[in-house]
Each structure stands twice: as structure tokens, then as C-alpha cells.
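Student: Let me give you the structure first, and then I'll get to my questions.
This is the structure in C-alpha cells:
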């Protein structure tokens, strides 16, 4: 009915904004000259408290204050359910010099749908959602919705205080990447889409994450977006948690609940591009306001999206304030910045003639580089302990370097190189692994160039790439054994960890955002055993400082034998900072058992077996192995001491010393 009313109104004879039959009360000076100055400089870091829709009182009247930046518009009207979408009822006052439009409308409360009707210089009428709107109409609707997020109550002060002291380099970080709309779903007869509400989702997610041993969740598709199939990477509501799963208050409840259960919350954040949808940012006031005007800089040919103009102060301010908005208003603990490489390179995904060089004739986007330095300096300066994570797929230097040292300033970076080499190796028939042995060792040659997260993300289990279990070679049992060995290598390797949902219990199907995970597989023994093994690995990781506190220091890792390519066995030590409770990993990537496999060790000590992938509880043979191994004076692996161990086919053994 709302949409029909809007369409009916739009068919009527239009009046120019400003020629209103309704007398509008003079708006309060909500946006001040100082606000405009700071916004124009790109340094108004809480501009979201001024632009958008905000409940307020003016001259004794309670109502809603609206403000929108549209400098090239001839005029702007607020239209919505409160005025029956009348395009003449509520014209907005223009503020100079930035061209911000404002209006106070008495009597407007929470829950009203609204848009800005923008009259362009060439006479077109655009119907735009609020760029700073805090709540959106559920798709397929495209309007914004009024809400007062200042009323949200929090009870996570203990978590927030400790967050400021969080030392990312020296802490265990095991991230569960999850898409709320397809993790679990209700039967479709319970609600239209089957989606869990944020509150329901919080409780079940917290229980699962804690039981498995993850430390953080990374949520995909939280900012409002019109198309489910975009997974949330084509955003139209940067300041609004998607209404698919509930209200802003419901979203805040979820974050608060996860914090109370000692689980950190990371959001995927998309400052690289935005869609062309009519209600969104594209040509917002009839001109290229948020995007570069030159299509060679302002468009992604492959994605069909627009690129933000990182050289425009107000646009940079919009994005930096948005990062701070999620951190300050919703208490999120980190942002995973999507598609960083596409921002850094002017020729990313483009052919000759489709891009324009920078002022030096090169392909680097100098404005995006400065944007990242500015963004990370502000966020990390204001909020110590926040994770700013780059998904950067090239060898761009100093991604996690300090801005003052010409770095981009991120606190961590996805290790895409490790991921590609790891997956290529794991897909191989075990016979051919001996000829590709260096794929698993190469990442250590650059392991300390950046502060890395090892990732097996959603991108690797879609588009016919196969799920993790289906990437593995061999027959049914071989696939599970291979995957256990691969996950073990990942846990032992320096770097924080990320695993996408469904891969910890070996889902066979690729991820599909339109359906829930195949939880029924946990009724089968092999999948139970895989989940149990991943749980054991995560708990091993969380309880042993040797696996995380020296991730960024060469002294924290030592190859025992990186060259046993003929047998495709890797052995290495993770050292703790105090020299105690170090861990020795021995991993066999072939189906050939190696009885009495001798391992060189750095010390003549006792080595306690603390994880054995061949245990019956993990789907192994259940063959008994001694619990303690005493090193003897026998040279092996260029070390004076060693011990022998019966290494099973695809076997993993972890020893503490």
C-alpha cells in the first residue's frame, strides 16, 4: 500500500521544491558552521550524529530532524509515510557553503518510512534512501526508516574496557566467518525467508562458537544491501544493519550478547565500491557526488559498480565516519576491509584504455593510499585494540606498516599467498605432492613481512571451487584424513586463523546463501569426528601460547625438516617466548604410514604427545601410542638429538616439550 501511494503521488503534477502548500517550521541549527567546515575538511568523525534522521525537540515540539548532503541539487524534499509521500509537503532548507539540506518535521516518530526527493539541475526527480540512515525498509522495499539508536542499552562495559588493551600480535585469534542468513534457517512456514532474528542468531551462534573454541566471529552482509546474492558486498545502507534479521536494537543485542560470552565481533566492510541501484549513492544529486566523475576511475567494468572518489574530502569523511560508527555505536571489534587491491590499483580489473594513470603516470591510486593511511590512523588512534584487517590480494608492501613509515596502517592482513599455495597443494594426488613440496614451505619466506591471518574463507567454497572436503583427493575416507592433516598444518603455521562456516564439519556442498548449512551431516560419524578434531585443534591453539604469542617474530618458528619431499612430511616447532611448553608438529601428507619415523629435536628432553589425529575419536585407527617420548643422542635433521615415532598414513602428531 505504501508503494502504491508513492507511485500515485509521483504521477501527480509536480511542484518545484520550495513552492510548498505546507508551511515548514524553521529548522533548528542542528548542522553548524563548524560541522560544515570539518565535513568539508574530511575530519568530522561523528558526522553521522548530524546528517541523517534524528529525533529531537524544537520549540516544544517533538519531531525528526533530517539532513542530507546534496550540493548540486536544485532542491530537496523529505517524503515518507508521515506525509503520504507528498513531494511538496516538506521542502528542505539549503545550508551554504557545502550544500547540506535540512528540515525539522514535528510529529514524526520512529518507524516511519522516508526518502529524499532530489530535483536535479536538469529537472529530473530522484528518490534516494538516506546515505546516513540507521534503519532500512526490508527488501524489496528501498526506503529508509526512522529510528532512535541512542536508546540502545549496553551491558558489555567490561569487554569494552579490556578491548583497549587487546594485543593482537600476542593473542589467540581464531575467527569463525559466518553469513547470518544461511548459517541456520527456520522452516519457511515460520516466516517469509526463514531467517533467524539477530537475537535468536546470537544465542545459538555464541553457544556454537564457544563450544568449538573460536575467539571471534566475522559477519558477512550486515550493512543494508538490496540483493541477497551479492552476499552484502553491494551496499546501499552503510549506516544501517540489514533489516533482514531484525531492528538496529536487535543487532546491538547480538553484539552485546556475544561480548558477554567473550566473543569478539568483526564486520565485513566495503569501502571499495557501491551499486548503481536507483535508491543508493550513485549519482546521488544528479551528479557523480560519491563516485569519480571520470568512468575510467569511477566504474568497475567487471562488477558493474561505482568506485568512491577518495580524493573528495566529504566522501572520505563519509567512509571514515562509517568505520567509526560501527565501532562506537555498535561496539564492533574490527573491520575486515574488502577488496583493498581494487582500491590501490587504478587498472584493477581493467583493460588498456579503461583506466587513467595518476599524475606520475603510474597505476597506483594515490588518493586511495592516503585514504587508508588516514582511516587507519584515526581508527587505531581513537580505539586501540580494534582490528583493521585488509583483504589485499597482491604483494603491496607495508600493508600492516605504520603510516608514518609509509605503510597503510592496517593491523592485520589476509594471507592470500599462503591460502593459494596451501589449496593447490592439498588438491594434489598425494603421489605428486613430493614434486610440489615447496608450496607448503614458501610462505615462511615472507611470513614476517606483514601481520597475517591464515584464511580459508567463503570465497574458496563457491563458484564451482568445491567445499574444503571436496577439494581433497582420494576416496571418502582419504578426503577426511587429508583435510585433518591440512587443518593441522594451518593451526601450526604462524598467523592468526579464519575458517568459514560449514568447513569445520566437512560440508560437501558448496556454500549457497539461499539455504542453511547441511547440519544434518552431523548425524553421520565421519562429520562428527571431523568437527571434534577441529574443536581439538582450536582448543590446542587457544591454550598454548607457543601457537600465537610469537606469530610476528622469527624466533617463534623453527623448521625441523622442511625438505622431506620424498615422503611429503613436514616437521616444525612453535616456540613460546619463555622457552616453556613449546610444540613440535609432525604431519604426513601421504597415505603411506612411516613406522619409526625419526624426528630431530632441539633439546634432549621428554616430548609428550598431546594430539594424535589417528585417535579413534577423530576417525583414526585408534592404535595406541606411547604418551611420552624421550629424545636420545642420535643425530637427525641436522640436530644432535632425536626420537622415533610411528607416523600413521596422513598422520598428525603434536608434542609438547
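In the UniProt record's numbering, the protein residues as written are 1 to 657.
Where a beta carbon is used, it is the ideal one built from N, C-alpha and C, also for glycine.
#1: Secondary structure at residue 144, three-state DSSP: helix, strand or coil?
#2: What three-state label does DSSP hand residue 60 in the structure shown?
#3: According to DSSP, which residues form a beta bridge with residue 483?
#4: Tell me whether residue 91 is buried or exposed, calling it buried when 16 or more other Cβ atoms sit within 10 Å of its Cβ.
#5: Could you tell me the boundaries of the beta strand (DSSP E) in which residue 295 lies?
#6: Can you give me the C-alpha to C-alpha distance between residue 350 and residue 311, rounded to a whole angstrom?
#7: Determine the contact status of residue 41 and residue 313, defining contact as a CB-CB distance below 8 Å.
#8: Determine contact between the region 173 to 188 and the region 485 to 503, defined as no fewer than three beta-carbon pairs at a distance below 8 Å.
#9: Please state if the CB of residue 51 and the CB of residue 70 are separated by a distance shorter than 8 Å.
#10: Give the single residue among 327, 602, 192 and 169 whose Cα lies nearest to the Cα of residue 551.
#11: Could you round the C-beta distance between residue 541 and residue 491 to whole angstroms and report it? I think they count as a contact, below 8 Å.
#12: Would you tell me roughly how many angstroms separate the C-alpha atoms of residue 648 and residue 571, rounded to the nearest one?
#13: May I ask you to verify whether the region 239 to 258 touches the region 135 to 146, counting CB pairs closer than 8 Å and requiring at least 3?
#14: Tell me whether the beta-carbon of residue 337 lies closer than 8 Å to the beta-carbon of residue 389.
#15: Rounded to whole angstroms, what is the Cα-Cα separation between residue 472 and residue 440?
#16: Mind checking residue 578: buried by the 16 CB within 10 Å criterion, or exposed?
#17: I'd like the span of the beta strand (DSSP E) that includes residue 119, first residue to last.
#18: Residue 420: which of 53, 581, 88 and 459 sits nearest, CA to CA?
#19: Could you compute how far the alpha carbon of residue 604 sits from the alpha carbon of residue 641?
#20: Which class does residue 346 belong to by DSSP, given the choice of helix, strand or coil?
#21: Tell me the DSSP secondary structure of residue 178 in three-state form.
#22: Please confirm whether residue 215 and residue 266 have their CB atoms less than 8 Å apart.
#23: Does DSSP put residue 54 in a helix, a strand or coil?
#24: Please confirm if the region 559 to 569 is in contact with the region 530 to 550, defined as three or more CB-CB distances below 8 Å between the two stretches.
#25: From which residue to which residue does the beta strand (DSSP E) around residue 75 run?
#26: At a cut of 8 Å, does the region 477 to 486 reach the region 437 to 453 through at least three beta carbon pairs?
#27: Figure out for me which residue from 474, 613 and 599 has the closest Cα to the Cα of residue 531.
#28: Could you tell me whether the Cβ atoms of residue 246 and residue 198 are closer together than 8 Å?
#29: If you drop the 5 nearest sequence neighbours on each side, which residues of the same chain put their C-beta closer than 7 Å to that of residue 644?
#30: Between residue 330 and the ligand HEM, is there a pair consisting of the residue's CB and a ligand heavy atom that are separated by less than 7 Å?
#31: What distance in whole Å lies between the Cβ atoms of residue 391 and residue 462, which are believed to be in contact at a cut-off of 8 Å?
#32: With the cut-off set at 8 Å, would you say residue 269 and residue 323 are in Cβ contact?
#33: Could you tell me the boundaries of the alpha helix (DSSP H) in which residue 381 lies?
#34: Can you tell which of 512, 505, 601 and 516 has its C-alpha closest to the C-alpha of residue 619?
#35: Any chance the region 352 to 363 sits against the region 281 to 298, with 3 or more Cβ pairs inside 8 Å?
#36: Inspect the beta-carbon positions of residue 600 and residue 637 and report whether they are closer than 8 Å.
Tutor: The relevant details are as follows:
#1: strand
#2: coil
#3: According to DSSP, residue 483 bridges with nothing at all.
#4: buried
#5: Looking at the DSSP string, residue 295 is not in any beta strand (DSSP E); the run it does join, the alpha helix (DSSP H), is 295 to 298.
#6: 20 Å
#7: yes
#8: yes
#9: no
#10: 169
#11: 5 Å
#12: 14 Å
#13: yes
#14: yes
#15: 16 Å
#16: exposed
#17: 113 to 119
#18: 459
#19: 6 Å
#20: coil
#21: strand
#22: no
#23: strand
#24: no
#25: 75 to 80
#26: no
#27: 613
#28: yes
#29: 596, 597 and 598
#30: As far as ligands go, the structure on display features none, and thus does not contain the ligand HEM.
#31: In fact, because the Cβ distance is near 15 Å, the residues do not count as touching under 8 Å.
#32: yes
#33: 366 to 382
#34: 505
#35: yes
#36: yes
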